[in-house]
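Per the numbering used here, the sequence shown starts with residue 96, numbered consecutively.
Idealized CB from N, CA, C, for every residue including glycine.
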Amino acid sequence: LDDAGIVAIFDLANTADIETGKLGAERAQTKEVKDYGTMLSQVHTEVRQKGRDLAKKLGVTPKLPEGNTMLRDHQAAMERLRLLNGPAFERAFLEHEQAFHAAVIDAVKTTLLPAIKNQEPKDFPASLAPAFEAHRVMAEHLQKKIAE
Numbered sequence: 096l097d098d099a100g101i102v103a104i105f106d107l108a109n110t111a112d113i114e115t116g117k118l119g120a121e122r123a124q125t126k127e128v129k130d131y132g133t134m135l136s137q138v139h140t141e142v143r144q145k146g147r148d149l150a151k152k153l154g155v156t157p158k159l160p161e162g163n164t165m166l167r168d169h170q171a172a173m174e175r176l177r178l179l180n181g182p183a184f185e186r187a188f189l190e191h192e193q194a195f196h197a198a199v200i201d202a203v204k205t206t207l208l209p210a211i212k213n214q215e216p217k218d219f220p221a222s223l224a225p226a227f228e229a230h231r232v233m234a235e236h237l238q239k240k241i242a243e
């Protein structure tokens, strides 16, 4: 995994959560789930821009590694979510967000950080891990709340 692949994966992860967050803000019925979707799209827009700025500073052009299925997986998730409405949408959206953030945290720890050679690009995703974990926990909390 090279720098171009790492940057592309990070960028795509943020783009995916911007899109699912916007969908959540549009489709959710409860205020808390709508607000969660809005927060995701706003935070991940800021983080994606910071990642893009760092890539530009380092002279890295993002390029997904061959065989990477993230984009296809995201598109399939969006298609599934778009078919749902009401409480079914909210449950599926929150389940997706919980699983998505857990997967990103795992990928950062096990794949991306070990592959990054320079300290500055290594510090950036490492510094975001607590926020990703907080987003996962928020999804879990909201899942429990709407189930009541």
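With a contact defined as Cβ atoms closer than 8 Å, Gln238 and Glu190 qualify at about 7 Å. For the segment 167 to 203, the full-length alpha helix (DSSP H) segments reaching 4 residues or more read 181 to 202 along the chain.
If you ignore the 5 residues before and after Gly119, its C-beta comes within less than 6 Å of the C-beta of Gly132, Phe188, all in its own chain and listed in chain order. A direct Cα-to-Cα measurement between Ile113 and Glu127 gives close to 17 Å.
Under the three-state reduction of DSSP output, Ile104 falls in the helix class. Closest in C-alpha terms to Glu161, from the list Ser136, Gly100, Ala183, Val142, comes Gly100. Per DSSP, reduced to three states, the secondary structure at Asp148 is helical.
Look at Pro216 here: in three-state DSSP terms it is helix. In the same chain as Gly116, and ignoring 5 residues on each side of it, the C-beta atoms closer than 6 Å to its own belong to Gly132, Leu135, Ser136, in chain order.
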